[in-house]
Amino acid sequence: MDWLIQKYIGFLGPRLEKFKRKGPTLYNFRCPICGDSDTNKSKARGYLYEVKGKMSFHCHNCGAGMSAQNFIKTVDQTLYNEMKLEALKESQTPDQREYEEFVSKMKTPVFLKSGPLKGLKKVSQLKHFDPVKKFVDSRKIPTFYHSRMFACPNFMRFTNNLLPNKFSKEALANDELRLLIPFFDKEKNVFAYQGRSLRKKTEVKYITIILNGDIPKIYGLDTVDEKERIYVFEGPIDSMFVPNSVAVAGGDLLSAGKEIDPKTSVLVFDNEPRSRETNKKIEKAIYNGRRVCIWPENLEHKDINDMVLADMTPDFIKHIIDTHTYQDLSAKLALTKWSKV
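Quick note on my numbering: the sequence shown kicks off at 766 and runs consecutively.
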C-alpha cells in the first residue's frame, strides 16, 4: 500500500503550492488547509513523511495532522477514490464484498443523460493524466468547480450539433479539444458556454457560444447570493477563486447591472494600467457611479489566476480587492495614480 500512496502523492503534487520532494519519503509544500503564511509567500510548512513505515501529514503552522490517505481525501476526493479503487484491485486477497460496496458508493453517472451538455465528461470524472484535467490542475482551479466544467473533445463539431452551421467546414479543420465552461441561469439551465483552448499559442483562446440570447452573458448567476457583496470579473476562471463572484464574457462589466444589483457589486477589471481600453472601461464605470477595484501600483500580475499561480492565496486576493475598492471622486483619484496611459 505504501508504494500506492507514494504514487498518488505524486499525482497530488501539482495541486499543492511549492510542492517539492526532499527525500525518498519526504515531501514539502504550502499547507492547503490553513493556506500557510499570508505575509510570506515563500513559507512552506506542510509535510508528508514516513513514520514507522506509514506516510503521514503534518503542518508546522496550523498543527493539522493526519494519515497521508486522509490528507489525499481532504484535498481531492476524486483522486482518493481512484487510489482506493486501485488498492482494492491490487489486493492479493480482495474482499469482493468490500470492493462492490465501495464501487456502489462512488458517483455512477459518467456522462450527462440530458440537456445540451449530454455526452460530455465532467473534469471531476477525468483521470489525473487527462489533458483537460492536467490543465485545470495546472491553473489551480478549486476542486468545487471540477464538477461544473467539462472536457469537449471536438468543440466546434459539438457546437454544430446544437447550432447547425455555427462553424464552417474550413473552421472545422482546426477543431480541437477544449475545456468547456457552462453558463447557468438562476434556474440552473444552461444558456451559454465557453470553450477554453489548451494550447499555449492559439489565435482564439476563448470561444463563447450563446444558446439563449435573452440572458446577458454572465457566469455564476446560479450560485451568487445577491444579499451579499458580489464581485464582477472579466473571466469565469478568475471568478472561481473569490467567493460570491460572477464573470462577464466579453469584458463589458457594466452589462452585469442587468442581472446584478449595482448597489451590492464591485467591478474588478484586469490589472492592465497600460491598456487604454481598460482605462476607458474603468472611467466609464466610475462615471456611472459604480464601485470599482483599482489595483495597487506595485501589483505586477494581470488577473486573479496569475496571482494565484504566483502563490497568492484567494483570501489575500479578496483582501486586496476589498481594501482597494473605490467610488466617485476617490475612484477617480485612485485611477489617476494607477494608470500608466
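Glycine included, C-beta positions come from ideal geometry on N, C-alpha and C.
Contacting residues, own chain, Cβ-Cβ under 6 Å from residue i (five flanking each side not counted)
| i | result |
| --- | --- |
| I1002 | N1070 |
| M831 | F822 |
| L945 | F915, C917, Y958, G960 |
| E815 | T790 |
| T973 | Q959, A1014 |
| G1000 | A1012 |
| F876 | Confidence at F876 is low in this model, with a pLDDT of 38, below 50, so the placement of that residue should be treated as unreliable; the coordinate-derived value is given next. Cβ neighbours of F876 beyond the five flanking positions: G884. |
| V1038 | Note on identity: in this sequence residue 1038 is Pro, with Val being the wrong assignment. Contacts found: W1103, S1104, K1105. |
| F784 | G778, F794 |
| K970 | S962 |
| A809 | K783, N793, F794, R795 |
Own chain residues within Cβ distance below 7 Å of residue i, not counting five before or after
| i | result |
| --- | --- |
| T908 | D841 |
| R922 | L937, D940 |
| V1033 | Y996, V997, F998, C1058, I1086 |
| M1072 | H1066, I1082 |
| M1005 | I906, P907, Y910 |
| P859 | Low per-residue confidence applies at P859: pLDDT is 49, beneath 50, and the placement is therefore not dependable, though the value from the model is reported in the following sentence. For P859, where only same-chain residues beyond five positions count, the Cβ hits under 7 Å are L853. |
| E1024 | P981, I983, L986 |
| M1062 | Note on identity: in this sequence residue 1062 is Glu, with Met being the wrong assignment. These residues qualify, in order along the chain: K1102, W1103. |
| A1050 | L1018, L1019, L1032, V1057 |
| K965 | none |
| L1064 | N1036 |
| F949 | V955, L986, D987 |
| Q857 | In this prediction, Q857 has a pLDDT of 48, which is less than 50 and means its spatial position is unreliable; what the coordinates show is noted afterwards. The answer is none, since no qualifying residue turns up. |
| N1053 | L1019 |
| M871 | Confidence in M871 is poor, its pLDDT being 46 and thus under 50, which makes the residue's placement unreliable; the coordinate value appears in the next sentence. So the list reads N846, once near-sequence residues are dropped. |
| K951 | L986, D987 |
| T1078 | G800, D803 |
| A1096 | I1051, V1057, I1059 |
| L891 | V897, K898, A916 |
Beta-bridge pairing of residue i - partner residues as DSSP gives them
| i | result |
| --- | --- |
| R1056 | R1056 is not bridged to any residue. |
| Y792 | R786, L813 |
| F776 | Note: F776 sits in no beta bridge, so no partner. |
| L1032 | V997, V1057 |
| I983 | V1013 |
| K992 | Beta-bridge pairing links K992 to no other residue. |
| T1090 | C1058 |
Expected contact under 8 Å - CB spacing of residue i and residue j to nearest Å
| i | j | result |
| --- | --- | --- |
| D1080 | G800 | 6 Å |
| S1030 | V997 | 5 Å |
| F915 | T924 | The pair is not a contact, with the Cβ atoms about 13 Å apart (cut-off 8 Å). |
| L1098 | E1048 | Contact flag wrong, Cβ pair sits at about 13 Å. |
| N826 | C796 | 6 Å |
| K1067 | N1036 | 5 Å |
| M848 | L769 | 6 Å |
| S912 | S889 | 4 Å |
| K899 | D1076 | No, K899 and D1076 are not in contact; Cβ-Cβ is about 20 Å, not under 8 Å. |
| I798 | A833 | Contact flag wrong, Cβ pair sits at about 14 Å. |
Own chain partners of residue i with C-beta closer than 8 Å, once the 5 adjacent residues on each side are dropped
| i | result |
| --- | --- |
| L844 | Y773, F776, L777, I837, H893 |
| L976 | P881, L927, L928, V955, F956, A957, Y958 |
| S1040 | V1106 |
| K787 | N793 |
| L1107 | The requested residue 1107 does not occur in the structure, where the chain is confined to residues 766 to 1106. |
| A1021 | P981, I983, V997, V1011, V1013, S1030, L1032 |
| Q771 | T790, M820 |
| M766 | Only weak support is given to the placement of M766: the predicted model assigns it a pLDDT of 49, under 50, and the value that follows is read from those uncertain coordinates. These residues qualify, in order along the chain: A852. |
| E935 | none |
Proximity test, residue i beta-carbon vs the ligand COA heavy atom, cut-off 7 Å
| i | result |
| --- | --- |
| L777 | Ligands are entirely absent from the displayed structure, and the ligand COA is therefore not among its contents. |
Residue ranges of each beta strand (DSSP E) within the stretch 799-846, 3 or longer
811-816, 819-824, 830-832
For the stretch 1077-1096 and the stretch 1050-1059, state whether three or more C-beta atom pairs, one from each stretch, are separated by less than 8 Å.
yes
Inter-stretch contact (C-beta, 8 Å, three-pair minimum) for the stretch 1008-1015 and the stretch 981-1000:
yes
Any beta strand (DSSP E) of 3 or more consecutive residues that is wholly inside the stretch 888-975
915-917, 943-949, 955-962, 971-975
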